[in-house]
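Undergrad: Take this structure first; my questions come after.
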Amino acid sequence: MGERNTRQKDVIREALQGADDFISAQQLHARLEDAGEHIALATVYRQLGAMADAKQVDTVRLNGQQLFRLCNAGGHHHHLMCVSCGRTVEIDPPSEAWLQSVAQQHDFTIESHTLEVFGLCADCRAARGASAA
């Protein structure tokens, strides 16, 4: 059974295209409301979940919240994420040889993997340094 394309999904996809960084369903819903689009929050959650399952969006968990992003990279990629402002940078994945080596050291077989690196971007580090002074 093919995936249905709906106006709501198209509106959500367009809104994601306008988001540079990962965004929560609640934040996306607020943006849609501000733009005059009246889509129920439950629909936003459902559509984002379906898009994530179909690998049309990337998803990460940060501070107990699931975040979504429509990524431009066509292939396998990972992210650096600022835990303060949410700035996101796509990075190249680690080598498959390294992954296999780590798995072998711990007697694991790899079925799949994700890698998200969380920290502070330069602007947030500078802001923290300025506020501590």
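In terms of the working numbering, the sequence shown is residues 3 to 135.
We put the beta carbon where it would ideally sit given N, CA and C, even for glycine.
It should be emphasised that the depicted structure is a prediction, and the values quoted were computed from it without experimental measurement.
What ranges does the alpha helix (DSSP H) occupy inside the stretch 52 to 130, keeping only unbroken runs of at least 4 residues that lie completely in it?
TA: If we require 4 residues or more, the alpha helix (DSSP H) runs fully inside the stretch 52 to 130 come out as 98 to 107.
Undergrad: Reducing DSSP to helix, strand and coil, say where Ile-14 ends up.
TA: For the purposes of this step, residue 14 is taken as residue 12 along the sequence shown, with counting starting at 1. Helix at Ile-14.
Undergrad: Could you spell out where the alpha helix (DSSP H) holding Glu-35 opens and where it closes?
TA: If you number the sequence shown from 1, residue 35 lands on position 33. Where Glu-35 is concerned, the enclosing alpha helix (DSSP H) stretches over 27 to 36.
Undergrad: Pull up the distance between the alpha-carbon of Glu-39 and that of Cys-126, whole angstroms please.
TA: By 1-based counting over the sequence shown, the position of residue 39 is 37. By 1-based counting over the sequence shown, the position of residue 126 is 124. About 33 Å.
Undergrad: Can you tell me which of the three DSSP states Thr-8 falls into?
TA: Looking up residue 8 in the sequence shown gives position 6. Here Thr-8 sits in coil by DSSP.
Undergrad: Distance check for Phe-24 and Leu-82, CA to CA, integer angstroms please.
TA: By 1-based counting over the sequence shown, the position of residue 82 is 80. By 1-based counting over the sequence shown, the position of residue 24 is 22. Approximately 11 Å between the Cα atoms of the pair.
Undergrad: CA-CA distance, Gly-20 and Gln-107?
TA: Here residue 20 is taken as the residue at index 18 of the sequence shown, counted from 1. Here residue 107 is taken as the residue at index 105 of the sequence shown, counted from 1. Looking at the two C-alpha atoms, the distance is approximately 42 Å.
Undergrad: Taking a contact to mean a Cβ-Cβ separation below 7 Å, would you say Glu-98 touches His-79 in this structure?
TA: Within the sequence shown, the letter at position 96 stands for residue 98. Within the sequence shown, the letter at position 77 stands for residue 79. Result no, Cβ atoms of Glu-98 and His-79 do not sit closer than 7 Å.
Undergrad: Drop a sphere of 10 angstroms on the beta-carbon of Ile-112, count the other beta-carbons inside from all chains shown, and report buried for 16 or more, exposed for fewer.
TA: In the sequence shown, the residue the question calls residue 112 occupies position 110. Per the 10 Å Cβ criterion, exposed.
Undergrad: Measure the beta-carbon distance from Val-46 to Met-53 and round it to whole angstroms, keeping in mind my assumption that it falls under 8 Å.
TA: Indexing the sequence shown from 1 puts residue 46 at position 44. Indexing the sequence shown from 1 puts residue 53 at position 51. The Cβ separation is near 11 Å, so there is no contact.
Undergrad: For Asp-22, count neighbouring Cβ atoms within 10 angstroms of its own Cβ and tell me buried if that reaches 16, exposed if not.
TA: Mapped onto the sequence shown, residue 22 falls at position 20. Exposed, because fewer than 16 other Cβ atoms sit within 10 Å of the Cβ of Asp-22.
Undergrad: With DSSP run on the structure shown, which of helix, strand or coil describes Ala-132?
TA: Your numbering for residue 132 matches position 130 in the sequence shown. Helix, per DSSP.
Undergrad: Just tell me which of Leu-43, Val-13, Asp-12 and Ser-26 has its CA closest to the CA of Gly-88.
TA: Counted from its first residue, the sequence shown places residue 88 at position 86. Of the listed residues, the one whose Cα sits closest to Gly-88 is Ser-26.
Undergrad: Could you check the C-alpha separation between Leu-34 and Leu-64 for me, to the nearest Å?
TA: Residue mapping note: residue 34 aligns to position 32 of the sequence shown, counting from 1. Residue mapping note: residue 64 aligns to position 62 of the sequence shown, counting from 1. Near 22 Å, if we compare the C-alpha coordinates of Leu-64 and Leu-34.
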